[in-house]
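Novice: Attaching a single structure in structure tokens format; questions to follow.
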Amino acid sequence: MIEIKESTYGKSCSVRSKSEMTLEERNQKVRTFFNGKIDTYDDVHSEYMKTKVLLAENLDKGAKKILDLGGGTGLELIHLFELFPEAQVTVIDITENMLEKLKTRDFAGHVTTICGDFFEVPFGADFDAVITTSAFHHFKKDEKIRLLKKIMDCLKTGGQFINCDLIALTPEEEAEQLVELENNTDDTKHIDIPLTIENEIDALEKAGFTQITSSNGGKENYGLFVARNIGKL
């Protein structure tokens, strides 16, 4: 049986610029947006399966204890459990409707889910790997560094972090998305704020990761980043 742990969320905020919103409030908007997409999410994201398959294909052969951040309905776990049938995966996602869909997967017995905000929920410790896809582009660079430091702390020595995510193809695109976020007054609109490859790598380095590699993430505007925590060696 999958264990679901609920966390508490704040009330909806009034219409205002998203630059005035706190991180918690913006995360609440992401939660509302994706909870409303449950009926179409798998169909839409089937076009992104290569980005999800890459997570499993880059895991160390001995990986058993895995944390999946933003695992949603579990699409990225389909291939993972084909390659790692004995894996035990903890999925943290802010959208409860997605996690309910995950409960119906054949591999549900190998998964523990936690419904909550990445920045608030304790991750646990001693993971062989942390994986994520199509999730971190919702955060500004400084927020991402905070989160990456938290990921560092939950990994075993030598553990992997694998992220396949939307990227900005140019510095101008990255800046434009931030301006759109800051100027937006539509409280229900979902805005992506991806970083360039260079800034993704810089964030990983600032969080303490080493042995960082980057490559194409399966789509033109996706990057695959693999890094390690060797800080205790």
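Just so we're aligned, residue 1 is where the sequence shown starts under the numbering used here, counting upward by one. Glycine included, every Cβ here is placed at the ideal spot set by N, Cα and C.
(1) Could you pull out every residue in the same chain whose Cβ sits closer than 6 Å to the Cβ of I92, ignoring the five residues on either side in sequence?
(2) Is T196 helix, strand or coil when you go by DSSP?
(3) Please work out which residues of its chain come closer than 7 Å, Cβ to Cβ, to H137, disregarding the five sequence neighbours upstream and downstream, and give them in chain order.
(4) Determine, using beta-carbon pairs with one atom in the stretch 31-42 and one in the stretch 84-99, whether at least three such pairs fall under 8 Å.
(5) Among all the DSSP beta bridges, which residues are the ones paired with Y41?
(6) Touch check for the stretch 144-160 and the stretch 124-136: three-plus C-beta pairs under 8 Å?
(7) Going by the DSSP bridge assignment, what does N222 pair with across the sheet?
(8) Let me know the secondary structure DSSP gives N216 once reduced to three states.
(9) Assuming L169 and N216 are in contact, meaning their beta carbons sit under 8 Å apart, how far apart are those beta carbons, in whole angstroms?
(10) Based on the DSSP secondary-structure assignment, which residues constitute the bridge partners of I92?
(11) By Cβ distance below 6 Å, which residues in the same chain neighbour H79 in space, the five residues on each side in sequence not counted?
(12) Beta-carbon separation of D142 and E24 under 9 Å?
(13) Assuming contact is defined by CB atoms lying nearer than 9 Å, are N163 and F84 in contact in what I supplied?
(14) What number of angstroms, rounded off, separates the C-alpha of H110 from the C-alpha of A87?
(15) Could you tell me which residues DSSP puts in a beta bridge with F161?
(16) When the distance is taken between beta carbons, is Q160 closer than 9 Å to A63?
(17) When the distance is taken between beta carbons, is R105 closer than 9 Å to G158?
(18) Can you give the Cα-Cα distance for L204 and F107, rounded to whole angstroms?
(19) I need the straight-line Cα distance from T8 to N27, nearest angstrom please.
(20) Going by the beta-carbon positions, is the gap between D258 and L75 smaller than 9 Å?
(21) If we ignore side chains and look at the alpha-carbon of each, how far apart do N184 and T32 end up?
(22) For the alpha helix (DSSP H) that contains N183, what are its first and last residues?
(23) For a test of the three-state rule: what should DSSP assign to L155, helix, strand or coil?
(24) Return the chain-ordered list of same chain residues with a C-beta closer than 6 Å to the C-beta of K149, the five sequence neighbours on each side being excluded.
(25) With a 10 Å radius around its C-beta and 16 neighbouring C-beta atoms as the bar for buried, classify A129 as buried or exposed.
Specialist: The short version:
(1) L69, I114, V121
(2) coil
(3) D165, L166, D192, I193, P194
(4) yes
(5) Per DSSP, none; premise fails for Y41.
(6) yes
(7) Here residue 222 turns out to be Tyr, not Asn, going by the sequence shown. Answer is L166.
(8) strand
(9) Contact doesn't hold; Cβ gap of about 12 Å is too wide.
(10) L69, I114
(11) V53, A56
(12) no
(13) no
(14) 7 Å
(15) V130, A227
(16) yes
(17) no
(18) 31 Å
(19) Any reading at T8 is ruled out, since the residue's pLDDT is 35, under 50, leaving its predicted position unreliable.
(20) For residue 258 there is no data in the structure shown, the boundaries of the chain being 1 and 233.
(21) 17 Å
(22) 171-183
(23) strand
(24) A207
(25) buried
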